[in-house]
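Notes follow once the structure below has been shown.
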Amino acid sequence: MLTDLCDCTPRHVCAGRIPAPRGTPWPPTGGMSCPKWNGARLGDVLKAAGVRSGAVHVAFTGADFGALPTIPKVARSVPLWKAMEEHSMLVYGMNDGPLPIVHGAPMRTMIPGWAGSASVKWVATIEVLAAPLKGPYMDSSYRIPKHPIPPGSKMPADAVSTEGWPIKSIITNPAPNAAFKLGKPVLVAGHAWVAEADIDRVALSFDEGRTWQNAQLNAKAGKYAWQTFSYAYNPRGPGYVTVLARATDSNGNMQPIVTPWNPLGYYWNGLHRVGFTVEA
Numbered sequence: 022m023l024t025d026l027c028d029c030t031p032r033h034v035c036a037g038r039i040p041a042p043r044g045t046p047w048p049p050t051g052g053m054s055c056p057k058w059n060g061a062r063l064g065d066v067l068k069a070a071g072v073r074s075g076a077v078h079v080a081f082t083g084a085d086f087g088a089l090p091t092i093p094k095v096a097r098s099v100p101l102w103k104a105m106e107e108h109s110m111l112v113y114g115m116n117d118g119p120l121p122i123v124h125g126a127p128m129r130t131m132i133p134g135w136a137g138s139a140s141v142k143w144v145a146t147i148e149v150l151a152a153p154l155k156g157p158y159m160d161s162s163y164r165i166p167k168h169p170i171p172p173g174s175k176m177p178a179d180a181v182s183t184e185g186w187p188i189k190s191i192i193t194n195p196a197p198n199a200a201f202k203l204g205k206p207v208l209v210a211g212h213a214w215v216a217e218a219d220i221d222r223v224a225l226s227f228d229e230g231r232t233w234q235n236a237q238l239n240a241k242a243g244k245y246a247w248q249t250f251s252y253a254y255n256p257r258g259p260g261y262v263t264v265l266a267r268a269t270d271s272n273g274n275m276q277p278i279v280t281p282w283n284p285l286g287y288y289w290n291g292l293h294r295v296g297f298t299v300e301a
């Protein structure tokens, strides 16, 4: 199982900041999935085709057109080493069934651990290049500043293409504004993930970050599958409760409280918050 996550998840949070970044807003938990993908190793296909010396990037062009005739087909490239990584795939099935059209049938790429833009749907062509692909989806879209910039700034000239997702976690249970009876534990659960490392810890705070409790990490379904976590919270009394989640990976990287602003609203991995009510 491999996690697929849009670069701009969840841009709605950034949209609440001033100035709001460009792009389609997403709901609080963003656009993501973690199905079982069926297909062939991309590296095996490239080896069979023959990769010449000097190859640096592998480019994929989708068959879908943009919303306007002037917008070119989606095309992205990834470094050769990532394309050859054993979990990178050419996908033609999903959850042991046919790949749905909406998810890229008849064939799509799956570049695990990286932003969803790297996994091109409806693949029409694959090209091995001696340099990163040039085009709007590499040179203007799906780019982030190398360093924090003041809100409202233009994208810096030295911005880089989105690649591996930074560490992130979300709370999927309880639902926002759910109500529970005092005297029964409240199950707090969710998902955490990071690009090229493992989730080492997910901590939860029920007092705005003053204290933190370690959640239980459940078994992963694969190297690039999301890490699920759970915790039984016992309320001390009635009232409104907010819970924050914060993940730490095997390299010691910890989720930031707030993600630095960027013009396109990518890679929002600030702390996720959910509130619920405990009734007497």
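For the sequence shown, counting from 1, position 259 maps to 280 in this note's numbering; every step adds exactly one.
Glycine included, C-beta positions come from ideal geometry on N, C-alpha and C.
- Nearest to I220 by C-alpha distance, out of M128, T183, Y163 and F250, is F250.
- For A61, the enclosing beta strand (DSSP E) has its first and last residue at W58 to R62.
- Cβ contact annotation for A224 (same chain, cutoff 6 Å, sequence separation greater than five): W233, N235 and R267, in chain order.
- At the C-beta level, A218 and S271 come within 8 Å of one another.
- In the DSSP annotation of this structure, the continuous segment of the alpha helix (DSSP H) that includes K103 starts and ends at L101 to M105.
- The alpha-carbon separation between G60 and G125 amounts to approximately 13 Å.
- Under the DSSP definition of a beta bridge, F250 partners with G211 and L238.
- Between I165 and H293, the C-beta spacing is not below 8 Å.
- If you draw a 10 Å sphere on the C-beta of H168, you find fewer than 16 other C-beta atoms in it, and that means exposed.
- Counted as a single uninterrupted DSSP element, the stretch harbouring M110 is not any alpha helix (DSSP H) but the beta strand (DSSP E) occupying residues M110 to M115.
- Given a length threshold of 3 residues, each whole run of the beta strand (DSSP E) inside the segment 136 to 170 is given here in chain order: 144 to 150.
- Rounded to whole angstroms, the separation of the alpha carbons of Y254 and G230 is 15 Å.
- Taking the C-beta atoms as reference points, N116 is found no nearer than 8 Å to P187.
- When DSSP reads this structure, F227 sits in no beta bridge, so it has no partner.
- G296 is bridged by DSSP to T263.
- By the beta-carbon neighbour count (other beta carbons within 10 angstroms, threshold 16), N283 is buried.
- By a beta-carbon distance limit of 8 Å, S98 does not contact V123. Their separation comes to about 24 Å.
- E148 has its alpha-carbon roughly 14 Å from the corresponding atom of G156.
- For F86, there is no enclosing beta strand (DSSP E), as DSSP marks it with neither H nor E.
- A199: member of the beta strand (DSSP E) spanning A199 to K202, first to last residue.
- Where R129 is concerned, the enclosing beta strand (DSSP E) starts and stops at R129 to M131.
- Linking T82 to L63 through their CA atoms gives a straight-line distance of about 15 Å.
- Per the DSSP secondary-structure output, N194 pairs in a beta bridge with A210.
- Within a 10 Å sphere around the beta-carbon of W135 sit 16 or more other beta-carbons, which makes this residue buried.
- A Cβ-Cβ separation of about 4 Å places A210 in contact with N194 under the 8 Å criterion.
- Assignment of D65 by DSSP, reduced to helix, strand and coil, places it in the helix class.
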